[in-house]
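One rule links them: number in our numbering = place in the sequence shown (from 1) + 679.
Note that CB positions come from ideal geometry on N, CA and C, so glycine has one too.
Computed from a prediction, not measured in an experiment: that's the story for all the values here.
The structure appears right after this line, and notes come after that.
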Amino acid sequence: MNRIRVPYPFQWGAPTFDAGEAFAMMAASFVALVESTGTFLAVARYASATPVPPSILSRGIGWQGIGILFSGIFGTGNGSSVSVENGGLLAMTRVGSRRVVQISAGFMIFFSILGKFGAVFASIPAPIIAALYCLFFGYVSGGLSLLQFCNLNNFKIKFILGFSVFMGLSIPQYFNEYTAINGFGPVHTGARWFKDMINVPFSSEAFVAGSLAMFLDVTLHGKDNATKRERGMHLWEKFKSFKKDARSEEFYALPFNLNKFFPSV
680 MNRIRVPYPF
690 QWGAPTFDAG
700 EAFAMMAASF
710 VALVESTGTF
720 LAVARYASAT
730 PVPPSILSRG
740 IGWQGIGILF
750 SGIFGTGNGS
760 SVSVENGGLL
770 AMTRVGSRRV
780 VQISAGFMIF
790 FSILGKFGAV
800 FASIPAPIIA
810 ALYCLFFGYV
820 SGGLSLLQFC
830 NLNNFKIKFI
840 LGFSVFMGLS
850 IPQYFNEYTA
860 INGFGPVHTG
870 ARWFKDMINV
880 PFSSEAFVAG
890 SLAMFLDVTL
900 HGKDNATKRE
910 RGMHLWEKFK
920 SFKKDARSEE
930 FYALPFNLNK
940 FFPSV
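Structure below.
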């Protein structure tokens, strides 16, 4: 067996297109989009950065899409997404430097072409990985700290929070258990693309809870200034634009003068 293997484009054959598979992947990508957005916000808070402007969120999601494209070109077993565990690691170490991430990415690329290193990581016992997950996922609750800017004495806000968290845990649990027992999801039709478009999103806790909370937050509240303040919207007003806060350049500017080609608004 080769000890060193460098991947190359279309190594598993010429690309094919199937509409059903495309719709299924779009559903999975949409779930990854929701999960990544929440992780971006939590990581920015742990790194003591300003709230992420919408244009920066869009830029991050766009580059994630480029990563998924390259994953398909090189034929990886999975697409690119944000690692929630690494967000917890950042919270634990308090190291938010992009240089550390860049060096870590270099190590990952280097070790990925050496089969022996992959075997070493694969031999790590599952309980150890589970223990690390328990530790790192505890820091993911940093996103809940943003609720301090809402009026948690408001009944509507408490209802939205409790209802969305409960449904975000129960619905994916039902979908996952149903799939594990029967071998297929609750939505089972002859059209695979339709099945995947329903089963995949509703199997994600972050997608169900986030989408439901956003829908209820928009529909159950008014649009007057007092209501916006109760919802915590006043915090985000000054960060809607990249240029409204001078610190945005420090935290979110791209290296190597790439801002000229990918300007933030």
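Excluding the five sequence neighbours on either side, which residues of its own chain have a C-beta within less than 8 Å of the C-beta of L848, listed in chain order?
E884 and A888
Which of helix, strand or coil DSSP assigns to L937
helix
Which runs of the alpha helix (DSSP H) at least 4 residues long sit entirely within the segment 821-889? Give them in chain order.
834-861 and 871-878
Touch check for the segment 835-845 and the segment 873-882: three-plus C-beta pairs under 8 Å?
The segment 835-845 is not in contact with the segment 873-882.
Could you check the C-alpha separation between F918 and P732 for me, to the nearest Å?
In a straight line, the C-alpha of F918 is about 5 Å away from that of P732.
Residues that DSSP places opposite I683 in a beta bridge:
L793
For I803, name the three-state secondary structure that DSSP assigns.
coil
A932: first and last residue of the uninterrupted alpha helix (DSSP H) it sits in
It is not in any alpha helix (DSSP H) - A932 carries neither H nor E in the DSSP assignment.
In the structure shown, what three-state DSSP assignment does S776 receive?
coil
How many Å lie between V779 and T772 at the Cα?
Taking the Cα positions, V779 is about 12 Å away from T772.
Test item: CB-CB of I735 and F921 under 8 Å
yes
Neighbour-count burial assignment, Q743, 16 or more Cβ in a 10 Å radius
buried
By the three-class DSSP mapping on this structure, what secondary structure does A698 have?
In the structure shown, A698 adopts helical secondary structure according to DSSP, grouped into three states.
So, do the segment 821-830 and the segment 859-871 have three or more beta carbon pairs nearer to each other than 8 Å?
no
Indicate whether P686 and F786 have their beta-carbon atoms separated by less than 8 Å.
In terms of Cβ geometry, P686 and F786 do not form a close pair [threshold 8 Å].
Among T906, V866, F789 and W691, the one whose alpha carbon lies nearest that of S750:
W691
How far does the alpha helix (DSSP H) with T906 in it extend, from its first residue to its last?
N904 to E909
Does the contact criterion of 3 or more C-beta pairs under 8 Å hold for the segment 909-916 versus the segment 715-725?
no
Distance between F838 and P851 (C-alpha atoms, nearest Å):
20 Å
Start and end of the alpha helix (DSSP H) containing G692?
Premise fails: G692 is in no alpha helix (DSSP H) and is neither H nor E.
Collapsed DSSP secondary structure at G758 in the structure displayed
Correct three-state label for G758: coil.
Relative to the C-alpha of L811, which residue among D875, T755, V763 and P934 is closest?
The candidate whose alpha carbon is nearest that of L811 is V763.
Can you check whether the CB of F930 is closer than 8 Å to the CB of T729?
yes
Contact under 8 Å by Cβ, F800 with L768
no
Taking 8 Å as the threshold (C-beta atoms), are R738 and S943 in contact?
Between S943 and R738, the gap from beta carbon to beta carbon is short of 8 Å.
Alpha carbon to alpha carbon, what distance is there between N938 and A698?
36 Å
Specify the secondary structure class of F918 as computed by DSSP and reduced to three states.
F918: coil per DSSP, three-state reduction.
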